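Listed in order, the protein sequences are those of chains Y and B.
Using my numbering, the first residue of the first sequence is number 3, and each one after it goes up by one.
Using my numbering, the first residue of the second sequence is number 1357, and each one after it goes up by one.
Everything on this sheet refers to the single structure shown next.
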Amino acid sequence: GENVEQHPSTLSVQEGDSAVIKCTYSDSASNYFPWYKQELGKGPQLIIDIRSNVGEKKDQRIAVTLNKTAKHFSLHITETQPEDSAVYFCAATHSGYSTLTFGKGTMLLVSP
Amino acid sequence: GAGVSQTPSNKVTEKGKYVELRCDPISGHTALYWYRQSLGQGPEFLIYFQGTGAADDSGLPNDRFFAVRPEGSVSTLKIQRTERGDSAVYLCASSLWGTSGTLDTQYFGPGTRLTVL
């Protein structure tokens, strides 16, 4: 089955800096890669996703890149703000299988 | 519009007891998923419903766990003879289609935190 590795497990940045979280996956058939943000006591909320037919996707301060050859994808957050502090999860799946395989998460702390 | 809701938000029970956890998906969503999230980990898949039927229950850890979705909307996750190792946050998600060949977004509820004493 699919295996998703996520790094780093924790990330501390100063407000205004950029943050990068990286994930690798094992199943070459995977073609959908969502990123979720989870705040304390809440469920995961989708922030951005990417399908395998594109290499990059942006939404304001958030971007995701995908390298299918290397089987890795990354989340980039620019101009970080304290409210970006949360746990971020990457996930992977493919069109023949509907459930998501998640990484272990990255705790992002943005200091004012 | 209303998102995925789960009740109760917290459940404390004693070892050996039976518990039921409820999930109300987004109206009109065909697919419903249950995940379990242990402390410091990502969600792990338990079971997936397409309409009323369980399309994939390969993530259920053992036969103490069972889930139903009798009318294709609300789902109940049932755990018999609870053990301390069952303590976790149980998350429910729904998506519009969820069928093989589609890649629609899964929307998560807030979860039920289960504590087995």
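Heads up, the beta-carbon is just placed ideally off N, CA and C, and yes, glycines get one too.
Treat the numbers as computed from the prediction; the structure is a model and nothing was measured.
Residue i: buried (16+ other C-beta within 10 angstroms of its C-beta) or exposed?
{"i": "residue 1374 of chain B", "result": "exposed"}
{"i": "residue 94 of chain Y", "result": "buried"}
{"i": "residue 1358 of chain B", "result": "exposed"}
{"i": "residue 9 of chain Y", "result": "exposed"}
{"i": "residue 40 of chain Y", "result": "buried"}
{"i": "residue 56 of chain Y", "result": "exposed"}
{"i": "residue 1440 of chain B", "result": "exposed"}
{"i": "residue 1472 of chain B", "result": "buried"}
{"i": "residue 71 of chain Y", "result": "exposed"}
{"i": "residue 100 of chain Y", "result": "buried"}
{"i": "residue 1442 of chain B", "result": "buried"}
{"i": "residue 16 of chain Y", "result": "exposed"}
{"i": "residue 1462 of chain B", "result": "buried"}
{"i": "residue 1398 of chain B", "result": "buried"}
{"i": "residue 1388 of chain B", "result": "buried"}
{"i": "residue 1409 of chain B", "result": "exposed"}
{"i": "residue 1426 of chain B", "result": "exposed"}
{"i": "residue 1423 of chain B", "result": "buried"}
{"i": "residue 84 of chain Y", "result": "exposed"}
{"i": "residue 46 of chain Y", "result": "buried"}
{"i": "residue 1451 of chain B", "result": "buried"}
Residues in its own chain within less than 7 Å of residue i by CB, not counting five upstream and five downstream?
{"i": "residue 18 of chain Y", "result": "81, 82"}
{"i": "residue 87 of chain Y", "result": "110, 111, 112"}
{"i": "residue 1466 of chain B", "result": "1362, 1365"}
{"i": "residue 1407 of chain B", "result": "1386, 1428"}
{"i": "residue 63 of chain Y", "result": "79, 80, 81"}
Write down the C-beta distance between residue i and residue j rounded to the nearest angstrom, noting that I regard them as a contact closer than 8 Å.
{"i": "residue 28 of chain Y", "j": "residue 106 of chain Y", "result": "Rounded, the Cβ-Cβ distance is 14 Å, inconsistent with contact."}
{"i": "residue 67 of chain Y", "j": "residue 76 of chain Y", "result": "5 Å"}
{"i": "residue 1401 of chain B", "j": "residue 1415 of chain B", "result": "4 Å"}
Once the 5 residues before and after residue i are set aside, which same chain residues still bring their CB inside 6 Å of it?
{"i": "residue 1437 of chain B", "result": "1372, 1420"}
{"i": "residue 102 of chain Y", "result": "93, 95"}
{"i": "residue 78 of chain Y", "result": "22, 65"}
{"i": "residue 1368 of chain B", "result": "1471"}
{"i": "residue 51 of chain Y", "result": "36"}
Excluding five sequence neighbours on each side, which residues of the same chain lie with their C-beta closer than 8 Å to the C-beta of residue i?
{"i": "residue 69 of chain Y", "result": "57, 75"}
Cβ contact (3+ pairs, closer than 8 Å) linking the segment 1430–1448 of chain B and the segment 1390–1401 of chain B: yes
Inter-stretch contact (C-beta, 8 Å, three-pair minimum) for the segment 1374–1387 of chain B and the segment 1425–1434 of chain B: yes
Near-chain B residues of the segment 17–48 of chain Y (beta-carbon distance less than 8 Å), N- to C-terminal order: 33, 34, 36, 38, 43, 44, 45, 46, 47, 48
Near-chain B residues of the segment 63–80 of chain Y (beta-carbon distance less than 8 Å), N- to C-terminal order: none
Contact residues within the segment 1458–1472 of chain B, judged by C-beta distance below 8 Å to chain Y: 1458, 1459, 1461, 1462, 1463, 1464, 1465, 1466, 1467
Chain Y contacts made by the segment 1396–1409 of chain B, where a contact means CB separation under 7 Å: 1397, 1398, 1399, 1401, 1404
Chain Y contacts made by the segment 1383–1397 of chain B, where a contact means CB separation under 7 Å: 1387, 1389, 1397
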